[in-house]
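Below is one structure, written out as structure tokens, with a few remarks after it.
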Amino acid sequence: MAAPTLQLQFDDNSLLPMLFGEHDRHLARIEQRLGVQLSSRGNRVAIVGPHSASETARGTLLSLWERLRRGQTVELGDVDAAMRMAATADGNGGGPDLFGGEALVVRTKKRNVAPRTPGQAAYLKALKLHEMVFGVGPAGTGKTYLAVATAVQMLGDGEVDRIVLSRPAVEAGERLGFLPGDMREKIDPYLRPLYDALYDMMPGDQVNKRLLSGEIEIAPLAFMRGRTLANAFVILDEAQNTTPVQMKMFLTRLGENSRMAVTGDLSQIDLPAGARSGLADALDTLAAVEGIGVVRFTADDVVRHGLVTRIVQAYDARDAGPGR
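Counting in my numbering, the sequence shown runs from -6 upward without gaps.
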């Protein structure tokens, strides 16, 4: 028996080239990943294939169409993200709100950022709802990037007066004195990923101006002791490399009208053997504390190169193997 056919019709021909991609590469990507056949004629798209895969393709196209209607762009990464979200959505393939709709779009000076996986959607919701959020999971899931984007939006909207970004420098020991150069030269290499995220969200001259004015502060964790951070969005990155004492110190810096995001990957702890990670300790200690959001990312949330997802999955499978 022939596979059933689904029909989609779109009402704005001017958006179709962006939906289909150059030389129909977006349609080709969906066909390749889902094992369906897509054919377009005018403003109609026919989907042929197994029911589940066809519904996922349908949800993918509808969610990408909704992005275009909101004025956002569609690239291959967005196509992959839409397929992931459609495949995990409740019901048959989901629909146009797979990316969380307008409410989850983070708008900054240089770009609009929308979730690309269900985990990212949950994370952005948590960042909007909670004063303190833990984002835990493997590299490439957008934990820090989305937190910085949210912080930049809140600063631009006047919801906070400043952004404070921190990391444990030189593993957890903060051994800055052994490095060459002045203090800025000592700490910059360890904070570079935070700078990169900022420059992705804001024009370079604005980043530099706000760094000079103190509206954006980037500092190693050791510099947080004794401070109260009010009217700020505070982010602690690489939190798995804190000790429990350091983590308690950092979390208790939260002041009035402030938000705090703590990100880390418990599979990449650089502490000395036998030392307990402050991130793991905090997740256990604060599990029942009201007002704290915790989002755990998985390999399915990795939005870097597809090979990164497979690498994470391979390590997860090894770690879950017999005798571990």
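We treat Cβ as the ideally placed atom computed from N, Cα and C, and that holds for glycine.
Asked                                                                                                                                                                        : Found
Take every Cβ of the region 260 to 269, pair it with every Cβ of the region 134 to 148, and state whether three or more of those distances are shorter than 8 Å.             : no
Whose CA, out of L61, Y192, P131 and P237, lies closest to the CA of R303?                                                                                                   : P131
May I have the straight-line CA-CA distance separating M240 from W58, to the nearest angstrom?                                                                               : 43 Å
Assuming contact is defined by CB atoms lying nearer than 7 Å, are G133 and V301 in contact in what I supplied?                                                              : yes
So what does DSSP say about Q0, is it helix, strand or coil?                                                                                                                 : strand
Counting along the chain, where does the alpha helix (DSSP H) carrying G14 start and finish?                                                                                 : No alpha helix (DSSP H) holds G14; DSSP gives it neither H nor E.
If we ignore side chains and look at the alpha-carbon of each, how far apart do M11 and T236 end up?                                                                         : 48 Å
Got a sec, what are the start and stop residues for the beta strand (DSSP E) M125 sits in?                                                                                   : M125 to V129
Can you tell which of D154, L8 and K121 has its C-alpha closest to the C-alpha of A140?                                                                                      : K121
Would H16 be called buried (16 or more neighbouring beta carbons within 10 Å of its own) or exposed?                                                                         : exposed
Determine the closest residue to L27 out of D258, G42 and Q113, with distance taken between C-alpha atoms.                                                                   : G42
Count the other C-beta atoms from every protein chain shown that fall within 10 angstroms of the C-beta of K136, then say buried if there are 16 or more, exposed otherwise. : buried
On the three-state DSSP scale, how would you describe V38?                                                                                                                   : strand
If you run the structure through DSSP and keep just helix, strand and coil, what is A273?                                                                                    : helix
Rounded to whole angstroms, how far is the Cβ of L187 from the Cβ of R160, which I believe are closer than 8 Å?                                                              : 7 Å
Any idea if H44 is buried or exposed, counting beta-carbon neighbours within 10 angstroms, 16 or more meaning buried?                                                        : exposed
Which same chain residues end up closer than 7 Å to L279 when comparing Cβ atoms and leaving out the 5 residues on each side of it in sequence?                              : I285
Classify G112: buried if its beta carbon has 16 or more other beta carbons within 10 angstroms, exposed otherwise.                                                           : buried
Does the distance from the C-beta atom of T256 to that of D274 stay below 7 Å?                                                                                               : no
When you compare each of I40, M125, R63 and K102 to E283 by their alpha carbons, which one comes out closest?                                                                : M125
So I156 packs on A225, CB below 8 Å; how close in whole Å?                                                                                                                   : 7 Å
Just verifying my parser: in three-state terms, what is the DSSP assignment at V305?                                                                                         : helix
Which class does N224 belong to by DSSP, given the choice of helix, strand or coil?                                                                                          : coil
If we ignore side chains and look at the alpha-carbon of each, how far apart do Q30 and A232 end up?                                                                         : 45 Å
Out of D294, R246, G35 and N201, state which residue places its alpha-carbon closest to the alpha-carbon of R218.                                                            : R246
Spell out the partners DSSP gives R100 in its beta bridges.                                                                                                                  : N105
My guess is that D277 and A292 are in contact by the Cβ rule of under 8 Å, so how many angstroms apart are they, rounded?                                                    : Actually they do not touch by this definition, with Cβ atoms about 23 Å apart.
Going by the DSSP bridge assignment, what does P213 pair with across the sheet?                                                                                              : R160
Please report the straight-line C-alpha distance between V106 and R100, rounded to a whole angstrom.                                                                         : 6 Å
According to DSSP, is S251 helix, strand or coil?                                                                                                                            : coil
Tell me which residues share the same chain as N85 and place their Cβ nearer than 7 Å to its Cβ, disregarding the 5 neighbours each side in the sequence.                    : Its pLDDT being 44, under 50, N85 is placed unreliably by the model, and the measurement read from it follows with that caveat. If we look at N85 and ignore the five residues flanking it on each side, its Cβ neighbours are E48.
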